[in-house]
Amino acid sequence: MRDLGGDLKVETTAGRIDASNLRSQHVDVRTQAGEVSLAHQVAPAQTSARTDAGTVTVRLPGGSTYAVDATTDAGDREVSVAVDPGSGHRVTAQSEAGNVTVKPT
Numbered sequence: 001m002r003d004l005g006g007d008l009k010v011e012t013t014a015g016r017i018d019a020s021n022l023r024s025q026h027v028d029v030r031t032q033a034g035e036v037s038l039a040h041q042v043a044p045a046q047t048s049a050r051t052d053a054g055t056v057t058v059r060l061p062g063g064s065t066y067a068v069d070a071t072t073d074a075g076d077r078e079v080s081v082a083v084d085p086g087s088g089h090r091v092t093a094q095s096e097a098g099n100v101t102v103k104p105t
């Protein structure tokens, strides 16, 4: 998926979810088994990327701070965007088994 605006909600039981150049303010994607990759062109108000098994990568534009909840039960966690728990830009990136990365675009 590319160049999407408006609210975005995607759910799969298996398979990769890949979305780039997002202008959406509210994004909610989930897969039970597969990689999730989101690349935002505009800082979202809320974005959530979740998988039970697979890697999660969320790319966010610079110039904003983000309230980030990035968790993994089995894998590496990397957050390299500017973090502020009180930010109006809320990001959730979760994997039960896989790496979780939140980084600048």
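At position 9 of the sequence shown (counting the first as 1) the number is 9 in UniProt numbering, and the numbers step up by one without a gap.
The C-beta atom is built at its ideal place from N, Cα and C for all residues, glycine as well.
For residue i, is the classification buried or exposed, using 16 other Cβ atoms within 10 angstroms of its Cβ as the cut-off for buried?
i, result
"glutamate 78", "exposed"
"glycine 105", "According to the sequence shown, residue 105 is threonine rather than glycine. Looking at its Cβ environment, which holds fewer than 16 other Cβ atoms inside 10 Å, threonine 105 is exposed."
"glycine 62", "exposed"
Taking Cβ to Cβ, would you say residue i is nearer than 8 Å to residue j?
i, j, result
"valine 91", "tyrosine 66", "yes"
"lysine 103", "valine 68", "no"
"valine 42", "alanine 49", "no"
"serine 24", "alanine 39", "no"
Any idea which residues DSSP pairs residue i with across the strands?
i, result
"proline 104", "Leu60"
Do you know how far the Cα of residue j is from the Cα of residue i?
i, j, result
"glutamine 14", "glycine 54", "Reading off the sequence, residue 14 comes out as alanine, not glutamine. Between alanine 14 and glycine 54, the C-alpha separation is close to 10 Å."
"leucine 22", "glutamine 32", "22 Å"
"threonine 12", "valine 29", "9 Å"
"leucine 4", "valine 56", "19 Å"
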